[in-house]
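Trainee: Read left to right, the sequence shown gives residues 1 to 935 (our numbering). Note that CB positions come from ideal geometry on N, CA and C, so glycine has one too.
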Amino acid sequence: MSHLFRTAQRFPSFNYQGSTTPRTGRQDLIKNESMIQTFWTTTRHRYHSTPFYQQALLHNHYQLPPVARHTACHVSTPWFLFLSHPATTDTMRHVQALSSSHLLRPWATCLYLDSMARRVPHGRWRTSRSQRRHLFTGASQKPRSPDRKFTSSIPAAIAFAGLFTWWLYPTEEFNRLSETAKRVEDGKPVCDEDKDDEPRDRNGTSAAWSHFASAFETFSDAATIEWSALSDKIVDSILPEWSKMIPGYVRKLQREMSMAPGSLADEIWNEAHDPFIHPEIRHSASVRVSNQLCDEEKEFLARRKKVTRAALARFLGIDEHDIHPDDVPVIATCGSGGGLRALVAGSGSLLAADEDGLFDCVTYTAGVSGFCWLQALYFSTIGRRSLPRVVEHIKSRSNIHIAYPPVAFHSLISAPTNKYLLSGLVEKLRGDPRATFGLVDIYGLLLAARYLVPRGELGVCSRDFKLSSQREHIQYGQNPLPIYTAVRHEIPGLDNAGRPASDESAKKEGQKEAWFQWFEVTPYELFCEEFGAGIPTWAMGRKFYKGVDVSPEKGFHLPEIRMPFLMGVFGSAFCATLSHYYREIRPLVRSITGFGTLDGVISGRYYNDLSKVHPIDPGTVANFAHGMHGKLPPTVPPSIYDREYLELMDAGMSNNLPIYPLLRPGRNVDVLIAFDASADIKTDNWLAVADGYACQRKIKGWPIGIGWPKPDETPAQHVKQLEEAEAATTAEAHVKLQEAKQHQKAAEKAQDSQNKNNGKSAASQSAESSEANKFSPGKPGSGDLGYCTVWVGTMQESTTESPPPPSRALTDDEAATELSRPDAGLAVVYLPLLANPSRVPGINPGTTDFLSTWNFVYTPEQVDQVVELARANYDAGRGQIRETLRAVYLRKKKAREEREEAARKERARGMQMPAFQNGVHQSSTIEPPTCGSIL
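#1: Please determine, among Leu422, Leu869 and Asn855, the residue with the shortest C-alpha to C-alpha distance to proline 837.
#2: Should methionine 911 go down as buried or exposed, given a rule of 16 or more other Cβ atoms within 10 Å for buried?
#3: On a Cα-Cα basis, can you pick out the residue from Ala345, Pro279 and Phe359 that is closest to arginine 314?
#4: State the DSSP-derived secondary structure class of tyrosine 169, mapped to helix, strand or coil.
#5: Decide if the region 368 to 388 is in contact with the region 464 to 483; the criterion is three or more beta carbon pairs, one per stretch, under 8 Å apart.
#6: May I have the straight-line CA-CA distance separating proline 279 from methionine 540, to the nearest angstrom?
#7: Based on the DSSP output, what are the partners of glutamine 517 in its beta bridges?
#8: Suppose you measure from the CA of serine 152 to the CA of isoleucine 238; what does that come to, to the nearest Å?
#9: Using 10 angstroms around the beta-carbon of isoleucine 681, count the other beta-carbons present and answer buried if the total reaches 16, otherwise exposed.
#10: Hey, would you say serine 286 sits closer than 9 Å to asparagine 656, going by beta carbons?
#11: So which of Arg904, Arg341 and Tyr524 has the shortest CA-CA distance to leucine 834?
#12: Any idea if isoleucine 561 is buried or exposed, counting beta-carbon neighbours within 10 angstroms, 16 or more meaning buried?
#13: By Cβ distance, which residues of its chain are closer than 6 Å to serine 777, with the 5 residues on each side in sequence left out?
#14: Are the CB atoms of phenylalanine 527 and cysteine 372 nearer to each other than 9 Å?
#15: Tell me, please, which residues DSSP counts as bridged to glycine 367.
#16: Do three or more CB pairs link the region 607 to 621 to the region 570 to 589 at distances below 8 Å?
#17: Cutting at 7 Å between CB atoms, please list the residues of its own chain near serine 807, excluding the five before and the five after it.
#18: What first and last residue would you give for the beta strand (DSSP E) that runs through cysteine 528?
#19: Classify valine 857: buried if its beta carbon has 16 or more other beta carbons within 10 angstroms, exposed otherwise.
#20: With a 10 Å radius around its C-beta and 16 neighbouring C-beta atoms as the bar for buried, classify phenylalanine 465 as buried or exposed.
#21: Is DSSP giving arginine 288 helix, strand or coil here?
#22: Can you give the Cα-Cα distance for serine 214 and serine 611, rounded to whole angstroms?
#23: For phenylalanine 775, which residues of its own chain have a beta-carbon under 6 Å away from its beta-carbon, when the five flanking residues on both sides are left out?
#24: Say whether the region 420 to 429 touches the region 250 to 266, bearing in mind that this needs 3 or more beta-carbon pairs closer than 8 Å, one atom from each stretch.
#25: Less than 7 Å between C-beta atoms, sequence neighbours within five positions excluded: which residues of the same chain meet that for arginine 871?
#26: Alanine 694: which of Glu644, Ser369 and Pro661 sits nearest, CA to CA?
#27: State the DSSP-derived secondary structure class of proline 587, mapped to helix, strand or coil.
#28: With which residues is leucine 598 paired in a DSSP beta bridge?
#29: Around the C-beta of histidine 283, are 16 or more other C-beta atoms found within 10 angstroms, so that it is buried, or is it exposed?
#30: Taking 8 Å as the cut-off, does the region 616 to 631 touch the region 263 to 273 (at least 3 CB pairs, one atom from each stretch)?
#31: Return the chain-ordered ranges of every alpha helix (DSSP H) run that is complete within the region 527 to 559 and spans a minimum of 4 residues.
#32: Give the DSSP-derived three-state secondary structure of phenylalanine 11 in the structure shown.
#33: Among His211, Ala576, Ile491 and Thr853, which one has its Cα closest to the Cα of leucine 429?
#34: For aspartate 849, count neighbouring C-beta atoms within 10 Å of its own C-beta (all shown protein chains included) and say buried if the count is 16 or more, exposed if not.
#35: Give the DSSP-derived three-state secondary structure of tryptophan 791 in the structure shown.
#36: Drop a sphere of 10 angstroms on the beta-carbon of valine 828, count the other beta-carbons inside from all chains shown, and report buried for 16 or more, exposed for fewer.
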């Protein structure tokens, strides 16, 4: 090893592992002498013993960034041997070209050494001092001053995002893999079991995985920048310090995802075949076609009622023995979307409900976006079904952005978190040759790396990464049943690959309105009400054909899809259509002088087209309805049968409150408590959006016309609008929807002209009114909504001649009377996230900057403020919620007693009738004595 020390003396000094104290190459070499010796021993080849190769290896080792140098000494395989291959004629032809690139010089040199070692006999390699000096060339690196500051990380973030986006969509091959081509044999779709036409490479590896590996290698090449070639002053003024560690992070992640023997990806794929780790792979799954609840959920309801009975007795102050099980109301809570704001505010609302004793009375919880993340945390080993623990976890993890590269990469490349985070990705791409990888997958990985990993990272648990594992926490009814939601955007006029069809009939079909199909995911089942079908949750991610799952290998099924991907899907608001994006910037466009005409053109002529374009692809899962022609209800679009994959996204694209799953027949919800932390509470009336769903599904009991009141609208006008909006057929509904949009545009145009006459733009008018009133409770008697508002529906049959009047908010005096009516329907309790200056001064959801939907960094103090605001709003409606539940309980009790009394009278009447009939029958059968008997 003496020649290595002499070689190290010629190297310039550098900072080892980011240390501020310069160390010489000799000192670092002494520190790592045993490590390098072990490194050579484990990778011994016949050409490693050449002195020149050892010097080259050492020099190349110190050309790496500090983190990469540290990594290279801890692995059993040299970092460059992963990329080098046995030299061939074609390889040698490109070595010189690669060597000319300063970016690829280390790899090309090692490839050159590899090829030469195979061609030159051992011990006959001789080089001169000049050759050894100039074979590796690079600018000297001066010791960095510890007080040097970095001005901005924005350019590095933009460059990194650009490289990542280019890597995701580099070639047409990726687009081909992303499309679902229709496979036809003899004019019929072909099952994977009937014909093995899955794309694979020469080695039999999944084509999706091969493309991912090659694309990742390309990205790694582009990200590997030798910063020493640039001036230190330029680098320090443009890029932050952490940007120099990205090449090392990427190389290590690439090494772990290489599928080479002993790599992390290879370990994950081998464990995917282990039934002791993944018990679900031993079982086949089939599609359940029924609108009824699954058997597991029915069993849960029976057990949960026993728990809620005792909780309701405590909540209302009644003896448990005095409460009949049939009198216990089914209570459901739902939380809105809104990113991290919804996660923090939802935790505060549930915490207040838990402290009040209400949460133990709840049977269902449903969420959109951030509230789905909250449910996942609550049922994880991190939250341990304790809302105070969930709040503390959020405070400890939300102070760093999910996409901050050093922290995110650390979770992805360090054990034990990397294995749990990347398992779903490896199994998806390796097990499904046609699988895709996009921004939703990356977003889910970043979310899970931040919030499914506890502080300290050593307490990470594999059960937290499978949604079906939550069954153990609800199997005895000890906790509410969580419902996660996502939607699929059905766009008419597209072919099976998602492209506009060319024939005229399809073009006419494409002129129709698009709609959203809701998918709910519980620990038991993935279900779509429009399909009238579902599959077990543990079978999510498998391919299905004609109602049965298709295994990628004989006797093997893919493990359940992982929670990181699902978290990305649940919160993928960035997959919205262009119309959603334009709605965000529309106030700015309308505020610019002269852009009113442009706004009219976009929102008028092209708005329907914008609502059908998704600039970012949603996440894809295997379509369980594939090939089920004629087996599903007629409400299923015909195109769904020929698609292999479903594109799912944030359910907030349709309704930011998950009301629809809670109205599903069989759940029989009596009280719905909605916690709304949306960014557009008043402008987008999410409660009123459910009116159309209730009318379409013919759901009894839903309070029609609830939500924030519209300005300048009387109840009579509202009844007339509801009556005119009723449609008997789908075609009539489309016509009425177009008419409603035209009326809305005409009203907006008239309002704009009125604002111009007043000398103010529409945006300024809207800003003045919204800033004054938005996220503030309404005044008593004004008809506006406050911290807590209650509505109740009716079970009366509606007719065309006399439609039911719109429901109005109940006051404290009339709530008990209206809720106790025999024909009363569903009670809706609405708690929006509003400003509460008396309890939490200085925090307003409409004006506070850090409460933006797109903010992903909250300090512990900010988390406490938002949680306290949600608790304050709940406290304002605490008494109203308690009285609502009491009134519903008494109504159900009275209805049960009346039924029992009617049944007793019926039984009593039934017992009297047979006795009377028997008496008449016996008297009529007595025969008079005959003459013979008298004689």
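Mentor: The relevant details are as follows:
#1: For this step, residue 837 is matched to residue 837 along the sequence shown. Cα-wise, what sits closest to proline 837 is Leu869.
#2: As a working note, residue 911 is residue 911 in the sequence shown. Label assigned to methionine 911: exposed.
#3: As a first step, residue 314 is located in the sequence shown; it is residue number 314 there, counting from the start. It is Phe359 whose Cα lies nearest to the Cα of arginine 314.
#4: Along the sequence shown, read from residue 1 onward, the residue named residue 169 stands at position 169. In this prediction, tyrosine 169 has a pLDDT of 48, which is less than 50 and means its spatial position is unreliable; nothing more can be read from the coordinates.
#5: yes
#6: Position 279 of the sequence shown, counted from the start, is the residue given in the question as residue 279. Position 540 of the sequence shown, counted from the start, is the residue given in the question as residue 540. Answer to the nearest angstrom: the Cα atoms are 14 Å apart.
#7: To locate residue 517, count along the sequence shown from 1; it is residue 517. Answer is Arg488, bridged to glutamine 517.
#8: Here the question's residue 152 lines up with position 152 in the sequence shown. Here the question's residue 238 lines up with position 238 in the sequence shown. Reliability fails at serine 152, whose pLDDT of 45 lies under 50, so the model's placement of it is uncertain and the value that follows must be treated cautiously. Rounded to the nearest angstrom, the two C-alpha atoms are 6 Å apart.
#9: Locating residue 681 in the sequence shown gives position 681, where the first residue counts as 1. With 16 or more other Cβ atoms inside 10 Å of its own Cβ, isoleucine 681 counts as buried.
#10: Counting from 1 along the sequence shown, the entry for residue 286 is found at position 286. Counting from 1 along the sequence shown, the entry for residue 656 is found at position 656. Not a contact, by the Cβ cut-off of 9 Å.
#11: Indexing the sequence shown from 1 puts residue 834 at position 834. Per the Cα distances, Arg341.
#12: Here residue 561 refers to the residue found at position 561 when the sequence shown is read from its first residue. Classification for isoleucine 561: buried.
#13: The residue given as residue 777 occupies position 777 in the sequence shown. Here the sequence assigns proline to residue 777, which means serine is not the residue at that position. For proline 777, the CB contacts under 6 Å within the same chain, skipping 5 residues up- and downstream, are Gly786, Tyr787 and Leu834 in chain order.
#14: In the sequence shown, counting from the first residue as 1, residue 527 sits at position 527. In the sequence shown, counting from the first residue as 1, residue 372 sits at position 372. No, the Cβ-Cβ distance between phenylalanine 527 and cysteine 372 is not below 9 Å.
#15: The sequence position of residue 367 within the sequence shown is 367, counting from 1. Bridge partners of glycine 367: Gly335 and Tyr484.
#16: Because the criterion of three Cβ pairs below 8 Å is met, the region 607 to 621 and the region 570 to 589 touch.
#17: For this step, residue 807 is matched to residue 807 along the sequence shown. Pro703, Ile704, Gly705, Ile706, Trp791, Val792 and Gly793, listed in sequence order.
#18: Here residue 528 is taken as the residue at index 528 of the sequence shown, counted from 1. From DSSP, the beta strand (DSSP E) with cysteine 528 extends over 525 to 528.
#19: Start at 1 with the first residue of the sequence shown, and residue 857 comes out as number 857. By the 10 Å Cβ count, valine 857 comes out exposed.
#20: What you label residue 465 is simply residue 465 of the sequence shown in a count that begins at 1. Its Cβ being crowded by 16 or more others within 10 Å, phenylalanine 465 is buried.
#21: Position 288 of the sequence shown, counting from 1, holds the residue named residue 288. Three-state DSSP puts arginine 288 in a strand.
#22: Counted from its first residue, the sequence shown places residue 214 at position 214. Counted from its first residue, the sequence shown places residue 611 at position 611. Rounded to whole angstroms, serine 214 to serine 611 spans 35 Å at the Cα level.
#23: The residue you call residue 775 lines up with position 775 of the sequence shown. Here the set comprises Leu834, Ala835, Asn844, Pro845 and Gly846.
#24: yes
#25: Taking the first residue of the sequence shown as position 1, residue 871 is located at position 871. Excluding sequence neighbours, arginine 871 sits near Gly348, Leu351 and Ala352.
#26: Position 694 of the sequence shown, counting from 1, holds the residue named residue 694. Selected option, being the one with the closest Cα: Pro661.
#27: What you label residue 587 is simply residue 587 of the sequence shown in a count that begins at 1. Three-state result, proline 587: helix.
#28: Within the sequence shown, residue 598 is the residue found at index 598, counting from 1. Looking at the DSSP assignment, leucine 598 forms no beta bridge with any residue, so it has no partner.
#29: By one-based count along the sequence shown, residue 283 stands at place 283. Under this definition histidine 283 is an exposed residue.
#30: no
#31: none
#32: Mapped onto the sequence shown, residue 11 falls at position 11. Any reading at phenylalanine 11 must be qualified, since the residue scores a pLDDT of 36, below 50, and its modelled position is unreliable; no value is offered.
#33: By one-based count along the sequence shown, residue 429 stands at place 429. For leucine 429, the nearest C-alpha among the options comes from His211.
#34: In the sequence shown, counting from the first residue as 1, residue 849 sits at position 849. Burial call: exposed.
#35: As a first step, residue 791 is located in the sequence shown; it is residue number 791 there, counting from the start. Here tryptophan 791 sits in strand by DSSP.
#36: For the purposes of this step, residue 828 is taken as residue 828 along the sequence shown, with counting starting at 1. Buried is the call here.
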